[in-house]
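Numbering (the numbering used here), first residue to last: 1 to 104. Every residue gets a Cβ at the ideal spot worked out from N, C-alpha and C, and that includes glycine. This report concerns only the one structure given below.
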């Protein structure tokens, strides 16, 4: 999880993940067009995201397509958020259901 937290700590890497979430399977060139940084900088950020298993790549000839892997983020959510907020979220869900029943 340390590698995931390190990767998520940088705003540029979070932006890359957001861009992959919006359109999965982009090449380095496509990602560079959208970012205000050099190709080398984008490549370094992608390497950190790959190391953290947040991005997976598939080679297609000379190009690599980059895909978002949300599993490590979900693992963090379950480990660090889920167990602490489960009771509150259930209470809010129950309240919502009760209020929706009353509206009918």
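According to the neighbour-count rule (16 or more other Cβ atoms, all chains shown, within 10 Å of its Cβ), is residue i buried or exposed?
i: residue 104; result: exposed
i: residue 20; result: buried
i: residue 77; result: exposed
i: residue 47; result: exposed
i: residue 42; result: buried
Tell me which same chain residues have a C-beta within less than 7 Å of the C-beta of residue i, skipping the five on either side of it?
i: residue 51; result: 3
Going by alpha carbons, who is nearest to residue i out of the options?
i: residue 61; options: 15, 27 and 72; result: 27
i: residue 9; options: 54, 37 and 90; result: 54
i: residue 6; options: 31, 67 and 73; result: 73
i: residue 70; options: 89, 56, 94 and 91; result: 56
i: residue 15; options: 68, 64, 40 and 58; result: 68
Assuming residue i and residue j make a contact with CB atoms under 8 Å, what is their CB distance in whole Å?
i: residue 49; j: residue 13; result: 6 Å
By Cβ distance below 6 Å, which residues in the same chain neighbour residue i in space, the five residues on each side in sequence not counted?
i: residue 64; result: 57
Excluding the 5 residues preceding and the 5 following residue i in the sequence, name in chain order all residues of the same chain whose CB lies nearer than 8 Å to its CB.
i: residue 81; result: none
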